[in-house]
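The structure appears right after this line, and notes come after that.
In the UniProt record's numbering, the protein residues as written are 1 to 71.
The following block contains the structure:
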């Protein structure tokens with residue numbers, strides 16, 4: 001209890017730092033950490049060729065990688 005953790009800088013956005021402080025804990029940091037894990041692991045790039053996107057190109061607003069990253 002009372003341990004001090006060093007802030008973690010993200011790879012996809014160097015201006016973001018993830019800190020763990022009980023008085024300011026929020027679920028938003030979990031989303032940032034998940035995004036960082038996805039980027040570092042390369043899972044999104046691996047998933048893209050595994051999935052088919054049946055949408056017509058002219059109807060697409062958000063591409064498949066963007067949808068995977070935000071889901």
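Every residue gets a Cβ at the ideal spot worked out from N, C-alpha and C, and that includes glycine.
None of these values were measured; they are calculated from a predicted model.
Span of the alpha helix (DSSP H) around residue i
i: residue 10; result: First-last for residue 10: undefined, no H or E at that position.
i: residue 44; result: 43–50
i: residue 69; result: 64–70
Any non-hydrogen atom of the ligand ZN closer than 7 Å to residue i Cβ
i: residue 56; result: Absence of the ligand ZN from the depicted structure is noted, as is the absence of any ligand whatsoever, leaving it without description.
Cβ pair residue i, residue j closer than 8 Å
i: residue 16; j: residue 33; result: no
i: residue 12; j: residue 45; result: no
Own chain residues within Cβ distance below 6 Å of residue i, not counting five before or after
i: residue 58; result: none
Residues that DSSP places opposite residue i in a beta bridge
i: residue 17; result: 9
Beta-carbon contacts of residue i that lie in its chain and below 7 Å, excluding the five residues immediately before and after
i: residue 65; result: 44 and 48
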